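These protein sequences, in sequence, are chains Y and B.
Numbers 0 to 406, taken from numbering that gives the first Met the number 0, label the letters of the first sequence in order.
Numbers 0 to 221, taken from numbering that gives the first Met the number 0, label the letters of the second sequence in order.
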Amino acid sequence: MKSKNIISHLIILASTVAFLWGIPALVRLATYSGQSYPFVYFSSVVKQFCFREGSGKDARRYDASGRQYSESEFDSALPMLSYRQLSVNGVMPDSVNGRAVTAHDIRRSSIVFRYAKTDVSAPHIGLYVLLESMSGRVDLASPGDAFRLGEAIEFIDIKTNTVDKDKSELYAQELSRRGFTFPARWAAGDFSTRKPYDEGYFVLDAQGQLFHMKQVSGKPFIRNTGASDSIRVAHFAMLPVADKRFYGFVFDGQGYMYILESPSYRLAKLDMPPLDMRRSEALIMGNMFYWTVTVTSPEGKKYYALDNETLRQVDTYAIAREANLWDKASTWIFPVYITFSDATKYMQPRLRFTAFTALTFNLLLAIIYAAAARRRKKAATVAYGSIYILATGIAGLLAIALQPNRK
Amino acid sequence: MFFSLIFKEWIKTRRFILLSGILFAALIAYVFLWLSQAIGSMGIVNLWEAIIGKEFSLIAHVKYLPLAAGLLLAVVQLTPEMQSKRLKLTLHLPMSETRIICTMLGYGIAVLVALFAAGALALVAGISVRFSREVALSNFLTALPWFLGGLQAYLLGAWICLEPVWRQRLFNAIPAACVVSSFYGSASPGAYVTYLPCMLIFIAASFFFPLRSAARFKDGEQ
Numbered sequence: 000m001k002s003k004n005i006i007s008h009l010i011i012l013a014s015t016v017a018f019l020w021g022i023p024a025l026v027r028l029a030t031y032s033g034q035s036y037p038f039v040y041f042s043s044v045v046k047q048f049c050f051r052e053g054s055g056k057d058a059r060r061y062d063a064s065g066r067q068y069s070e071s072e073f074d075s076a077l078p079m080l081s082y083r084q085l086s087v088n089g090v091m092p093d094s095v096n097g098r099a100v101t102a103h104d105i106r107r108s109s110i111v112f113r114y115a116k117t118d119v120s121a122p123h124i125g126l127y128v129l130l131e132s133m134s135g136r137v138d139l140a141s142p143g144d145a146f147r148l149g150e151a152i153e154f155i156d157i158k159t160n161t162v163d164k165d166k167s168e169l170y171a172q173e174l175s176r177r178g179f180t181f182p183a184r185w186a187a188g189d190f191s192t193r194k195p196y197d198e199g200y201f202v203l204d205a206q207g208q209l210f211h212m213k214q215v216s217g218k219p220f221i222r223n224t225g226a227s228d229s230i231r232v233a234h235f236a237m238l239p240v241a242d243k244r245f246y247g248f249v250f251d252g253q254g255y256m257y258i259l260e261s262p263s264y265r266l267a268k269l270d271m272p273p274l275d276m277r278r279s280e281a282l283i284m285g286n287m288f289y290w291t292v293t294v295t296s297p298e299g300k301k302y303y304a305l306d307n308e309t310l311r312q313v314d315t316y317a318i319a320r321e322a323n324l325w326d327k328a329s330t331w332i333f334p335v336y337i338t339f340s341d342a343t344k345y346m347q348p349r350l351r352f353t354a355f356t357a358l359t360f361n362l363l364l365a366i367i368y369a370a371a372a373r374r375r376k377k378a379a380t381v382a383y384g385s386i387y388i389l390a391t392g393i394a395g396l397l398a399i400a401l402q403p404n405r406k
Numbered sequence: 000m001f002f003s004l005i006f007k008e009w010i011k012t013r014r015f016i017l018l019s020g021i022l023f024a025a026l027i028a029y030v031f032l033w034l035s036q037a038i039g040s041m042g043i044v045n046l047w048e049a050i051i052g053k054e055f056s057l058i059a060h061v062k063y064l065p066l067a068a069g070l071l072l073a074v075v076q077l078t079p080e081m082q083s084k085r086l087k088l089t090l091h092l093p094m095s096e097t098r099i100i101c102t103m104l105g106y107g108i109a110v111l112v113a114l115f116a117a118g119a120l121a122l123v124a125g126i127s128v129r130f131s132r133e134v135a136l137s138n139f140l141t142a143l144p145w146f147l148g149g150l151q152a153y154l155l156g157a158w159i160c161l162e163p164v165w166r167q168r169l170f171n172a173i174p175a176a177c178v179v180s181s182f183y184g185s186a187s188p189g190a191y192v193t194y195l196p197c198m199l200i201f202i203a204a205s206f207f208f209p210l211r212s213a214a215r216f217k218d219g220e221q
């Protein structure tokens, strides 16, 4: 067969690509260990970040100044977090920072929000469910229809699987009347019925304007929030909060975070550096005095304490990530490897470069190959194989070694 | 000669085609039976909401069927050729060996594409009765890498089956397993859209791999 050599090369190339993904994936599985960070929360009593490492009897509790705490002292230092335990123990303070507090107040003003880097890049089915925001009932209920939003808005009756033309027309007209331009780029909302209230969806139109869309007493409620007048809206995440202070979090094109206040649609910026939305994740734990914002990136964790009223930064802290066995091994064994991107929920293969130091390992492999093959193979084949191994490393070596010997 | 070769492949695989057709039909019927039970127990509204909000898949049961079909077809079609070295007779037909192997592989691909297309069509058509086109498309996109994985498994299976040396078969199986496993990751519906070009390149490249095994056989590798 004339093309036998070409096919042999093709097999080696395909095997190398497969091994550039498979071998590092296996090595990572065996060597990667996630770093254990302490639990961090900003104390509204001692006005410092407080830390808890470990759990149970071995737990170590301390603050940023280095002072150590017993378990009960730690609870008292963090009443916004431990109010249930303090209430059970009968030591819940009547006031914190000169402000009267009850467990109900604390619960009502507490928020927890998570941003994952895959939130902005994930496949979406293209269907949404719009709840009735003002049904007159305490509990939210499923509407029995879903809508698609693209070039137009269409409500689909779930039971009959047909388009509800009247409702679709009603919403299309109202969107158009309010200045909405189709097609919609995205819609963000939460149609869970297990939440205190519903605020529908926030939809970015073709012009980049952020609209609020919900159903109130069976009628469409559409408003242009005006948020896009001051920033380029890149992402919105809805968060139902008990005190209805804001609708959710807006991210601009640079990664700065804002809250979209309710009902004014005013943007209030979080006083912290922009988030690298493709690499970083954020966790916000807020209470009536301070918000503790944890930003996790490949470099480590950064903590920001923000004043609850002004969202001004009052303190910051950072813990650098320590290199684990995988980090060390990969920089010596794999100068380049293929992985599926963790910044998206799509299966996107990515070529990763680690460090040039790994070329030393590749060089060693190439020399071993050349020494082992020089007596059995032609000089040109050995030279080609050595250069190939120098470029592709252990993946290329394995791909060549697993295929029948060529002279 | 071409049609004679196709007829020879048909003789070898007709029982497999019949059996796998029955198995596909039975599993698809089971999917719809399970779906009607899910609608009955959960309610159609809850099921829609689970699909929209929780990426609930309606076709998870068929995930590994195309993989099994692809591998089995390679074994059923090509193992008889390797028994008593019958491939030697085939390669002596008045056609170039490349055309002979390509015809055999083309036949296998055509059988699998027909089987998978019928299966996918039945699934999409069935889902479309109670669900919108977005749900049907999402489930189709979920199943597409599984079906492509079946084609990939067939071609790599053929590469391994036609290989005359047992040790080399094992060596070939290592990168083959690596490639096929990348088609079956757990991912959100539609997540594989960005990986489709890579899958198609792998499938197109591996169409030629069995030619090398056949050439090694013809060269008398033991």
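Glycine included, C-beta positions come from ideal geometry on N, C-alpha and C.
As the structure is a computational prediction, the values presented were derived from the model and not from experiment.
- Annotation: Y:R98 to Y:S86 spans about 17 Å, alpha carbon to alpha carbon.
- Using a Cβ-Cβ cut-off of 8 Å, B:T102 does not count as an interface residue toward chain Y, since no Cβ of chain Y sits closer than that to its own.
- One alpha carbon belongs to Y:V294, the other to Y:K194, and they sit about 26 Å apart.
- Y:R222 has Y:H211 as its beta-bridge partners, per DSSP.
- With fewer than 16 neighbouring CB atoms inside 10 Å of its own CB, Y:R59 falls in the exposed class.
- In the DSSP assignment, Y:G299 falls outside any alpha helix (DSSP H) and within the unbroken beta strand (DSSP E) covering G299 to D306.
- In the same chain as Y:I230, and ignoring 5 residues on each side of it, the C-beta atoms closer than 6 Å to its own belong to D251, in chain order.
- With contact defined as three or more Cβ pairs closer than 8 Å, the region 206 to 219 of chain Y and the region 277 to 285 of chain Y are not in contact.
- Bounds of the beta strand (DSSP E) holding Y:Q312 are Q312 to A319.
- The three-state reading of DSSP puts Y:F288 in coil, since its state is none of H, G, I, E or B.
- DSSP places Y:E72 inside the alpha helix (DSSP H), whose first and last residues are E70 to A76.
- In the structure shown, B:L34 falls within a helical segment according to DSSP collapsed to helix, strand and coil.
- For Y:V119 against Y:H234, the beta-carbon gap comes to about 5 Å, under 8 Å, which counts as contact.
- Rounded to whole angstroms, the separation of the alpha carbons of B:S95 and B:T89 is 10 Å.
- In terms of beta-carbon proximity, B:I126 stays away from the interface with chain Y, with every pair separated by 8 Å or more.
- In this structure, DSSP gives B:I58 a state outside helix and strand, which the three-state scheme calls coil.
- Between Y:S141 and the set Y:G125, Y:A394 and Y:G199, the nearest pair of CA atoms involves Y:G199.
- Annotated three-state conformation of Y:V249 is strand, per DSSP.
- The beta carbon of Y:F245 is closer than 8 Å to those of L238, I258, L259, E260, S261 and A267 in its chain, skipping five residues each way along the sequence.
- In the three-state DSSP reduction, B:A124 falls in the helix class (H, G or I).
- Y:W185 has a beta carbon lying at 8 Å or more from every beta carbon in chain B.
- With a cut-off of 8 Å on Cβ pairs, the region 13 to 23 of chain Y is not in contact with the region 285 to 304 of chain Y, counting fewer than three such pairs.
- Below 8 Å, enough C-beta pairs join the region 122 to 142 of chain B and the region 121 to 128 of chain Y to call them touching: three or more.
- Within the same chain, Cβ atoms closer than 8 Å to the Cβ of Y:A76 are found at S42, V44, V45, C49, D62 and Y68, the five residues on either side in sequence being excluded.
- For Y:F48, the enclosing beta strand (DSSP E) has its first and last residue at F48 to E52.
- At a cut-off of 8 Å between beta carbons, Y:S14 contacts chain B.
- Taking 9 Å as the Cβ-Cβ cut-off, the region 344 to 366 of chain Y approaches chain B at K344, Y345, M346, Q347 and P348, given in chain order.
- B:S205 sits close to B:W158, with the two beta carbons spaced by under 8 Å.
- Pairing Y:F154 with Y:S167 gives a Cβ-Cβ distance under 8 Å.
- Taking 8 Å as the cut-off, the Cβ atoms of Y:T30 and Y:A354 do not count as close.
- One Cα belongs to B:I99, the other to Y:P403, and the distance between them is close to 23 Å.
- The beta-carbon of Y:F245 is placed no less than 8 Å from the nearest beta-carbon of chain B.
- Within the region 35 to 46 of chain B, the residues whose Cβ lies closer than 8 Å to any Cβ of chain Y are, in chain order, I43, V44 and N45.
- Taking a Cβ-Cβ threshold of 9 Å, the residues of chain Y close to B:G184 are F339 and M346, in chain order.
- Restricting attention to beta strand (DSSP E) runs no shorter than 3 residues, the region 38 to 111 of chain B encloses none.
- Under the criterion of beta carbons closer than 8 Å, Y:L305 and Y:L269 qualify as touching, at roughly 6 Å.
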